[in-house]
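Position 24 (the sequence shown) corresponds to 24 in my numbering; numbering is contiguous.
Quick reminder that beta carbons are idealized off the backbone N, C-alpha and C, glycines included.
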Amino acid sequence: MIREPAETTVSEAGTVQIPLGVLAEAGLSPGAAVVVYSDGDGRIVVRRKDDAIRDLLENGTL
């Protein structure tokens, strides 16, 4: 699989638009429920809601 980096900016309202190609590569489609959080080391994590909840219940962490 060829991964293409994408650059985006944070808007004045604090939102970010993720290109559809990046979402599709991750297996996400428009309307998918996701959880977004800071990993604490400068990275922002976007995960499928179901996966994040499962990990939280099974491991106690995201």
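### Query
Looking only at C-alpha atoms, which of Gly60, Asn59 and Ala33 sits nearest to aspartate 50?
Nearest option by C-alpha distance: Ala33.
### Task
Rounded to whole angstroms, what's the CA-CA distance from glutamate 58 to serine 11? Just pull it up for me.
Straight-line Cα distance between these residues: approximately 35 Å.
### Task
In the DSSP assignment, find the alpha helix (DSSP H) that holds arginine 54 and state where it starts and stops.
49–59 is the span of the alpha helix (DSSP H), which, as asked, contains arginine 54.
### Task
Reducing DSSP to helix, strand and coil, say where valine 36 ends up.
Under the three-state reduction of DSSP, valine 36 is assigned to strand.
### Task
Find the nearest neighbour of proline 5 within the set Ala26, Thr61 and Arg54, judged by alpha-carbon distance.
Nearest neighbour of proline 5 by Cα position, chosen from Ala26, Thr61 and Arg54, turns out to be Ala26.
### Message
Helix, strand or coil for valine 22? Go by DSSP, reduced to three states.
### Response
Under the three-state reduction of DSSP output, valine 22 falls in the helix class.
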